[in-house]
Amino acid sequence: MNARMLEYFRQKLLNWKNDLLSESSSTLQHLQEGGSVESDIADRASVETDRSLELRTRDRARKLITKIDEALERIEKGSYGYCMETSEPISLSRLEARPIATLSIEAQERHERMEKTHRDE
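Counting from 44, one number per residue, gives the positions in the sequence shown under my numbering.
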């Protein structure tokens, strides 16, 4: 992968991370504001369900940010775009769809088949 492509993916990852951080900040602000007390038990349950869902979404975003940081680190080290299992290049179409990918499509499919086999036992 040439320097121009690496810079493209670096910018894509940084933009994605900034979007996630912005959403996270907005969620935090919303949760800090949300001290309203609902008198109806159904309304309270609805508000709590919404908060719980929002927190789970933020937790997923936090984990995604960690993966983005790891991908940015791989770009710096020169190992970005290579399968961690086979050391073969990951296709550009896969990286475009999932810039944090660490496995080629073939390796990922093998990994998923292995998981399914062990889960079914």
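Even for Gly, the Cβ is constructed at its ideal location relative to N, Cα and C.
Which ranges does the alpha helix (DSSP H) cover as unbroken runs of at least 4 residues, wholly within the segment 51-132, from first to last along the chain?
84-120
Let me know if Leu146 comes out buried or exposed under the rule of 16 or more other beta-carbons within 10 Å of its beta-carbon.
buried
Starting from Ala140, trace the alpha helix (DSSP H) in both directions and tell me its first and last residue.
135-140
Spell out a yes or no on whether the segment 123-137 and the segment 85-100 are touching, meaning 3 or more CB-CB pairs, one atom from each, closer than 8 Å.
no
How about Leu56 and Pro142: do their beta carbons lie closer than 8 Å?
yes
Measure the CB-CB distance between Ile111 and Lys60 and report whether it falls below 8 Å.
yes
Which residue wins for smallest C-alpha separation from Gln54, given the options Arg87, Glu119, Ala150?
Glu119
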